[in-house]
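Following: one structure in C-alpha cells, then a few remarks.
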Amino acid sequence: MDCNELVELVTAYLEGALDDESRARFEIHLQACDGCENYLQQFRETISTLGKIGNHQLDAAFRDRLLSAFRHWR
Amino acid sequence: MTGIVKDESELLAALRNGDEAVFAQLVDRYTPAMLRVARGYVPTHEIAEEVVQETWIALLKGISRFEGRSSIRTWLFAVMINIAKQRGAQERRNADAEIAAFTDGTVDPARFRAADAPVWPGHWKEHKEPTAFPDTPEGSVLADELISVAQRELDKLPQRQRIVVSLRDMLGFDSSEVCELLDISIANQRVLLHRGRAAVRQALENYLVDAS
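Order-wise, the sequence lines are chains A and B.
Converting from the first sequence to the numbering used here requires adding 1225 to each position, the first position being numbered 1.
Converting from the second sequence to the numbering used here requires adding 938 to each position, the first position being numbered 1.
As C-alpha cells, this is what we get:
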C-alpha cells in the first residue's frame, strides 16, 4: 500500500470497514511511515474539531420564534 | 423549571406537560445542526428556518402519539429531511450514480511521488509529508480558531458531503442511521464522509501552515 492509497482509506479504516488483509496492510504501512501516521492524526483531530462545532450561538430571534411556537401550542 | 433531563422518556413526559425549559434545551441542542442540514436541501437560510420551525411544530403536534420507537433526534431529522425535500426545488436524481462518478483523490497529487518514480512511487515527497496537528487545549484561542475554520469549510462543502459530515461528525449519528435518513448505500455514505472530512482536514492544515 502506497501513501496516496492509504490516505483514501482512512475513513474506511476508522469505520472498521476494511477487510482483514487491507487493515493489516494499512497498519503495517503506518508503522513505517511518519507522514501517514501524521495524516491519520490530522484526520482524527479534524473529526474531533468537527464534533465541537454545533454548540455555537443560535440566532436569538429565531430561538424566540421557536419558543413562542411552543407557548402557543401549549 | 427543570434541570438537565437525560432520559428520553423523561424528555417526552416533560414536553407533554408543556415544560418550556426542556423544549428550549432540545431546541438549543439540535437546531443549529438542523439548520445546517436543511440548508443542504433548500436555496436560502430563511427557507431553512421555516423548515426547521415546521419540524419542531410537527414534533409538538405529534408528541402525544410519539411512541419512542426511534429516538427524538432520529425522528426530528427524518421528519425534517422529508419537509426539506418537499420545499427544495432541486431534484435529487440518481444520487448513488453521481457519488460513484467521483474518482479524484482527496489529497493534492503533487504531494506524492509519481507512479513511475524510481524509488518510493506513490509515497509522500520530501517536505510534502503531513506533520501532526498541535495539541489544542479546549477553550484556547487556537482551538476556537480551528473550530471556526472547520465550520467555514463545512459550509462550503457540496451539499451531500455537508449533510453527511454534519450528521456523522457534528451530531454523532451512526452510519446506518445516516444511510437510512438519506437513502444512500453504506459505501456511498463513506465516500461522502471521507471527501468532506478530507476537505476540512486540508483547510485546517492550510490554516496551521499559514499561522506558523
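Heads up, the beta-carbon is just placed ideally off N, CA and C, and yes, glycines get one too.
8 angstroms Cβ cut-off: residues of chain A touching residue i
i	result
D1107(B)	I1272, L1275, G1276
R1100(B)	The premise fails here: R1100(B) is roughly 11 angstroms from chain A at the closest Cβ pair, so nothing lies under 8 angstroms.
R1011(B)	Simply none; closest approach about 13 angstroms.
L1014(B)	Correct list: empty, because the minimum Cβ distance to chain A is about 12 angstroms.
Contact set between residue i and chain A, taken where Cβ atoms lie within less than 9 angstroms
i	result
A1088(B)	T1271, T1274, L1275, K1277, I1278
Listed by chain order, chain B residues near residue i by CB distance under 8 angstroms
i	result
D1259(A)	E1067
R1296(A)	E958
L1292(A)	E958, F961, A962, V965
R1248(A)	Residues of chain B passing the Cβ test: none, with the nearest at roughly 15 angstroms.
Residue i burial status per 10 Å Cβ neighbour count (16 or more: buried)
i	result
V1057(B)	exposed
D1121(B)	exposed
V1079(B)	exposed
I1021(B)	buried
G978(B)	buried
H1297(A)	exposed
H1065(B)	exposed
V1147(B)	exposed
N1144(B)	exposed
E987(B)	buried
S1104(B)	buried
A952(B)	buried
Sub-8 angstroms separation of residue i and residue j beta-carbons
i	j	result
T982(B)	M1018(B)	no
L1292(A)	A971(B)	no
S1067(B)	G1260(A)	Before going on, a small fix: residue 1067(B) reads as Glu here, not Ser. Closer than 8 angstroms, so yes.
L1265(A)	L1255(A)	yes
V1129(B)	L1092(B)	no
V1235(A)	F1287(A)	no
Q991(B)	R1290(A)	yes
T1044(B)	V1232(A)	yes
L1095(B)	T1274(A)	no
I1230(A)	F1071(B)	As written in the sequence, residue 1230(A) is Glu, which differs from the Ile given in the question. No.
F1015(B)	L950(B)	no
D1082(B)	L1283(A)	no
V980(B)	R1025(B)	yes
T1069(B)	N1263(A)	yes
R954(B)	I995(B)	no
Proximal residues of chain B, C-beta to C-beta of residue i below 7 angstroms
i	result
F1268(A)	R1135, R1139
Y1238(A)	Within chain B, no residue comes near Y1238(A); the closest Cβ sits about 10 angstroms away, beyond 7 angstroms.
F1251(A)	Those do not exist, as F1251(A) stays about 14 angstroms from chain B at its closest Cβ, beyond 7 angstroms.
Cβ-Cβ separation, residue j to residue i (assumed contact under 8 angstroms), whole Å
i	j	result
I1278(A)	Q1089(B)	5 angstroms
A1052(B)	P1059(B)	6 angstroms
V1102(B)	L1131(B)	5 angstroms
G1241(A)	D1107(B)	Actually they do not touch by this definition, with Cβ atoms about 16 angstroms apart.
R1100(B)	G1077(B)	Actually they are not in contact, since the Cβ atoms of R1100(B) and G1077(B) sit about 26 angstroms apart, beyond 8 angstroms.
S1150(B)	Q1127(B)	About 35 angstroms separates the two Cβ atoms, so there is no contact after all.
Cross-chain neighbours of residue i in chain B, by beta carbon under 9 angstroms
i	result
L1283(A)	V965, D966, T969, P970, L973
E1230(A)	G1060
Cβ of residue i within 8 angstroms of any chain D Cβ
i	result
E1233(A)	Looking at the structure shown, chain D is missing, and the protein chains on hand are A and B.
7 angstroms Cβ cut-off: residues of chain A touching residue i
i	result
L1095(B)	Within chain A, no residue comes near L1095(B); the closest Cβ sits about 11 angstroms away, beyond 7 angstroms.
R1128(B)	T1236, A1237, E1240, A1242
Residue i beta carbon near the ligand ZN (any heavy atom closer than 7 angstroms)
i	result
S1002(B)	This structure lacks the ligand ZN; in fact it carries no ligand of any kind.
Which residues, in chain order, does the segment 960 to 985 of chain B contribute to contact with chain A at a C-beta distance below 7 angstroms?
-> F961, A962, V965, D966, T969, P970, A971
Within 7 angstroms of chain A by C-beta, residues of the segment 1070 to 1081 of chain B in sequence order | A1070, F1071
Between the segment 1039 to 1053 of chain B and chain A, which residues of the former have a C-beta closer than 9 angstroms to a C-beta of the latter?
-> G1043, T1044, V1045, P1047, R1049, F1050, R1051, A1053
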